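Okay, structure first, notes after.
Numbering (my numbering), first residue to last: 792 to 1098.
Structure below.
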């Protein structure tokens, strides 16, 4: 099998690996507390990836030490709002809701780049952002004006908005030129172990109250999160970037909303309601409009940029 064929084959599985985080997490968080789950997931993921990452970590140690503030910030963003925050959210909302809100992250990244870096935004990106935001609001308010007028928020849905915003900020911060010399596998390992250690203070309280996971099903869920949702998702996506380039590999992101919803319906037995359909269509339309490569879009959607 050629590298190109292998890359496409791996990318076909990538959205399933990525979407599995919320699906497996929804099951795991029923019996394992969020910060404990995050610590064990990323601690185990670090041990799995360490044999492949230790050389890159040693080679980049001076950069990592010099940029320790950025390393801490990246680790916090990826492991607290986007790690424990996601699992905490799943205590209060469905995996379907969480998937549709969280996969709107690409348009939030554009907003964060505009806020923090002064990035210009094109007309079609603005339209895409509005579509995606309408999709998120449709999900939060369950497509009901009555819910919106009564301001009845689901805490889990709002926490997913915070998590998605945290990942968007992380995506902007991680592009810093100061960290570019660090290979991706080395940065993955460092963020995994530092982020895992950040969970310890809150995890200690969880362990006192609920104890350490002992059941086989708990550890199967933790292992699935570490191996499938963390390591395999990272490897398949990064191999796709290496062989096919970031533009082609990035196309898998457009599959995350439908794949995540499909997994939630099939494996968790969740109901797919009308407001989910409208939310899915709006979020996907927004993501495609805002982030799809210009050359594939009609001329009417490739307007000038505004600052």
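Glycine included, every Cβ here is placed at the ideal spot set by N, Cα and C. From a predicted model like this one, the values you see are computed outputs, not experimental measurements.
{"Item": "Please name the residue or residues paired with residue 991 in a DSSP beta bridge.", "Value": "Looking at the DSSP assignment, residue 991 forms no beta bridge with any residue, so it has no partner."}
{"Item": "Note down the Cα distance separating residue 805 from residue 856, rounded to an integer number of angstroms.", "Value": "32 Å"}
{"Item": "May I have the straight-line CA-CA distance separating residue 901 from residue 1062, to the nearest angstrom?", "Value": "31 Å"}
{"Item": "Output the boundary residues of the alpha helix (DSSP H) element that contains residue 797.", "Value": "794-819"}
{"Item": "Between the alpha carbons of residue 873 and residue 957, how many angstroms are there, rounded?", "Value": "6 Å"}
{"Item": "Thinking C-beta only, is residue 871 closer than 8 Å to residue 989?", "Value": "yes"}
{"Item": "State whether the segment 1038-1045 contacts the segment 832-839, with contact taken as three or more CB pairs (one from each stretch) at a distance under 8 Å.", "Value": "no"}
{"Item": "Would you say residue 840 faces chain D, with C-beta separation under 8 Å as the test?", "Value": "No chain D appears in the structure shown, which is made up of a single protein chain."}
{"Item": "Is it the case that the segment 882-894 contacts the segment 1047-1058, given that we only count it when at least three CB pairs across the two stretches are under 8 Å?", "Value": "yes"}
{"Item": "Can you give, in chain order, each stretch of the alpha helix (DSSP H) that sits fully within the segment 1036-1069 and has at least 4 residues?", "Value": "1037-1040, 1047-1059"}
{"Item": "What does the alpha-carbon distance come out to for the pair residue 1083 and residue 844?", "Value": "32 Å"}
{"Item": "Per DSSP, what kind of secondary structure is residue 913 in: helix, strand or coil?", "Value": "strand"}
{"Item": "Are the beta-carbon atoms of residue 961 and residue 869 separated by less than 8 Å?", "Value": "yes"}
{"Item": "Is the beta carbon of residue 815 closer than 8 Å to that of residue 890?", "Value": "no"}
{"Item": "Is any non-hydrogen atom of the ligand FMN found closer than 7 Å to the C-beta of residue 1046, if you look at the structure I gave you?", "Value": "This structure lacks the ligand FMN; in fact it carries no ligand of any kind."}
{"Item": "Alpha carbon to alpha carbon, how far is residue 1030 from residue 800?", "Value": "11 Å"}
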